[in-house]
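A.B. asks: Got a structure for you, written out below as structure tokens; questions coming shortly.
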Amino acid sequence: MARRKMAVGALAISIAAVAIAQEFEEFPIISPRRLELAKEYSRQHYGVDSYELKDTKIIVIHYTGIPTLQKSLDAFRAAFLPGHRKEIKNHGRVNVGVHFVVDRNGDIYTLLPTNVIGRHTIGFNHVSLGIENVAADASQLTEKQLVANVMLVKRLTGQFPSIEYLIGHHEYQRSEFPHYRLFKELDGHYKPTIKLDPGKKFMDELRGQLRLAGIRLRD
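Okay, structure coming up:
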């Protein structure tokens, strides 16, 4: 597995993007090809001709739906969306991608720089950072992952004061939640799908631990 301690950004896109990742493991999925595909996706879905994530407002918590770290990382490796993703293949060529993956032992991996959009949450990629937790389902999420998520969210909110919201992927279509005002999707055929990750229990625990640390983000 190609991974090592993070020293500099994958493409040195910005010093700020590197600073957040210096103590984590590196599994870079960024490439000139992915950047072009991300720009294409951003133009198609948000009307913005750029791959840059400039005004981060939301952190979205996920689980991978895959039981192992290696297979989870491999799912994000390619620049192009694999052919088996039939439910979303007609709505963008760029592969799914997030900024961080948290292994079941709590190790954190950086995949995308924090100033590049990922593809992880329909309607919110233009304003969000994505954190994936390695787990086949909610029952596999661990206490060490919870601790790592608390630390990572604390770090991100310190690095990016613009962040206002923390949601689970299963909450992204809750139109009654405050974060929903930021929903944007120009492709009328790209319908949001029901998500279960990471689940209410994990999000309740994460929010509770963050409140104890003095961090209150809206849903």
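Mature numbering (1 follows the signal peptide of the UniProt record, and there is no 0) puts the sequence shown at residues -21 to -1, 1 to 198. Using N, Cα and C, we set each Cβ at its ideal position, and we do this for glycine too.
1. Decide if Ala192 is buried, meaning its Cβ has at least 16 other Cβ atoms within 10 Å, or exposed.
2. If you draw a straight line from the C-alpha of residue 278 to the C-alpha of His63, how long is it?
3. Measure the alpha-carbon distance for Lys(-17) versus Lys65 and round it to whole angstroms.
4. Do you know offhand how far Leu16's Cα is from Phe59's?
5. Based on Cα-Cα distance, which residue from Asp86, Pro171, Glu164, Asp176 lies nearest to Arg22?
6. Secondary structure at Ser141, three-state DSSP: helix, strand or coil?
7. Can you give the Cα-Cα distance for Leu31 and His99, rounded to whole angstroms?
8. My output table needs one value for Ala114: the three-state DSSP class, helix, strand or coil.
9. Buried or exposed: where does Pro61 fall if 16 or more other Cβ atoms within 10 Å of its Cβ makes it buried?
10. In the DSSP output, what is Gly147 paired with across the bridge?
11. According to DSSP, is Arg197 part of a helix, a strand, or is it coil?
12. Along the chain, where does the alpha helix (DSSP H) that runs through Gly169 open and close?
13. Check for me: the beta strand (DSSP E) holding Tyr88 runs from which residue to which?
14. Taking only the alpha-carbon atoms, compute the straight-line gap between residue 217 and Phe162 and give it to the nearest angstrom.
15. Measure the alpha-carbon distance for His168 versus His148 and round it to whole angstroms.
16. Are the CB atoms of Gly76 and Ile146 within a distance shorter than 7 Å?
17. Within this structure, are the beta carbons of residue 199 and Val39 separated by less than 7 Å?
18. May I ask which residues mark the beginning and end of the beta strand (DSSP E) holding Phe79?
19. Give the DSSP-derived three-state secondary structure of Arg153 in the structure shown.
C.D. replies: Quick answer:
1. Against the sequence shown, residue 192 aligns to sequence position 213. The residue is exposed, with fewer than 16 neighbouring Cβ atoms inside 10 Å.
2. There is no way to answer for residue 278, as the model of the chain reaches only from -21 to 198.
3. Sequence index remark: in the sequence shown, residue -17 carries index 5 (1-based). Sequence index remark: in the sequence shown, residue 65 carries index 86 (1-based). A caution first: Lys(-17) carries a pLDDT of 37, below 50, which makes its placement in the model unreliable, though a value can still be read off. So the two alpha carbons sit approximately 35 Å from each other.
4. One-based indexing of the sequence shown puts residue 16 at position 37. One-based indexing of the sequence shown puts residue 59 at position 80. Distance between the alpha carbons of Leu16 and Phe59: 8 Å.
5. Within the sequence shown, numbered from 1, the residue matching residue 22 stands at position 43. The shortest C-alpha separation from Arg22 is found at Glu164.
6. One-based indexing of the sequence shown puts residue 141 at position 162. Coil.
7. Residue numbering aside, residue 31 sits at position 52 when the sequence shown is read from its first letter. Residue numbering aside, residue 99 sits at position 120 when the sequence shown is read from its first letter. Rather than Leu, the amino acid found at residue 31 in this sequence is Glu. Their backbone Cα atoms lie some 15 Å apart in a straight line.
8. Indexing the sequence shown from 1 puts residue 114 at position 135. DSSP places Ala114 in strand when its eight states are reduced to three.
9. Taking the first residue of the sequence shown as 1, we reach residue 61 at position 82. Exposed, because fewer than 16 other Cβ atoms sit within 10 Å of the Cβ of Pro61.
10. Stepping through the sequence shown from its first residue, residue 147 is reached at position 168. DSSP lists Ile40 as partners of Gly147.
11. Along the sequence shown, one-based indexing puts residue 197 at 218. If DSSP states are grouped into helix, strand and coil, Arg197 belongs with the strands.
12. Numbered from 1 along the sequence shown, position 190 holds the residue referred to as residue 169. Looking at the sequence itself, residue 169 is Tyr, so the reference to Gly does not match. Here Tyr169 belongs to no alpha helix (DSSP H), and DSSP marks it neither H nor E.
13. By 1-based counting over the sequence shown, the position of residue 88 is 109. Segment 87 to 89, the beta strand (DSSP E) holding Tyr88.
14. An answer regarding residue 217 cannot be provided, because it is not within the stretch -21 to 198 covered by the chain.
15. Locating residue 168 in the sequence shown gives position 189, where the first residue counts as 1. Locating residue 148 in the sequence shown gives position 169, where the first residue counts as 1. So the two alpha carbons sit approximately 20 Å from each other.
16. To locate residue 146, count along the sequence shown from 1; it is residue 167. To locate residue 76, count along the sequence shown from 1; it is residue 97. Cβ distance not < 7 Å, so Ile146 and Gly76 don't count as in contact.
17. This structure cannot settle anything about residue 199, because the visible part of the chain is limited to -21 through 198.
18. Walking along the sequence shown from the start, residue 79 turns up at place 100. Residues 79 to 81.
19. If you number the sequence shown from 1, residue 153 lands on position 174. Arg153 falls in the coil class under three-state DSSP.
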